[in-house]
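So that you can map any letter, position 1 of the sequence shown is 202 in this note's numbering, and since no number is skipped, the others follow by simple counting.
Heads up, the beta-carbon is just placed ideally off N, CA and C, and yes, glycines get one too.
Computed from a predicted structure; not experimentally measured.
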Amino acid sequence: MLNIGDYALHKTTGNIGQVVAYGYEMLDGAYLPTIKVEVRNNTGIKQRTFVEDLSNTWVPVEKDSISRNCA
202 MLNIGDYALH
212 KTTGNIGQVV
222 AYGYEMLDGA
232 YLPTIKVEVR
242 NNTGIKQRTF
252 VEDLSNTWVP
262 VEKDSISRNC
272 A
């Protein structure tokens with residue numbers, strides 16, 4: 202389980218960012234947990250972007266590996 206402040210990688214899109222909130226999505230009558238992540242923006246634009254998706258689509262990553270891959 203990812204905690205607020207952890208860094209995460211989205212399995213499908215490859216987005217990397219920091220977990221900022223939790224939520225849920227109702228699908229087929231069941232509540233499924235979601236994670237909201239502020240994704241890193243390498244375009245130089247000063248705009249915050251958030252992505253929310255089911256928690257099983259995110260995997261934890263180390264902060265050190267983010268710095269190396271996004272430099």
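Next on the checklist: So the candidates are Asp229, Glu263, Lys247 and Asn257; which of them puts its Cα closest to the Cα of Lys237?
Outcome noted: Asn257
Item to check | Whole-angstrom distance between Thr235 and Gln228, CA atom to CA atom | outcome: A small fix is needed here, since residue 228 is Leu in this sequence, not Gln. Cα-Cα distance, rounded: 12 Å.
Item to check | Unbroken beta strand (DSSP E) run spanning Gly218, endpoints | outcome: Per DSSP, Gly218 belongs to the beta strand (DSSP E) from Ile217 to Leu228.
Checklist entry - Excluding sequence positions up to five away, which residues of its chain have a Cβ less than 8 Å from the Cβ of Gly209? => result The question names Gly, but residue 209 is Ala in the sequence shown. Closer than 8 Å at Cβ, skipping near neighbours: Leu203, Ile217, Gly218, Gln219, Val220, Ile236, Val238, Trp259, Val260, Pro261 and Val262.
Checklist entry - Mind checking Asp265: buried by the 16 CB within 10 Å criterion, or exposed? => result If you draw a 10 Å sphere on the C-beta of Asp265, you find fewer than 16 other C-beta atoms in it, and that means exposed.
Next on the checklist: Considering just the uninterrupted stretch of the beta strand (DSSP E) at Asp207, what are its terminal residues?
Outcome noted: Under the DSSP assignment, Asp207 falls outside any beta strand (DSSP E); it carries neither an H nor an E label.
Checklist entry - Distance, Cα to Cα, Gly206 vs Glu253? => result 15 Å
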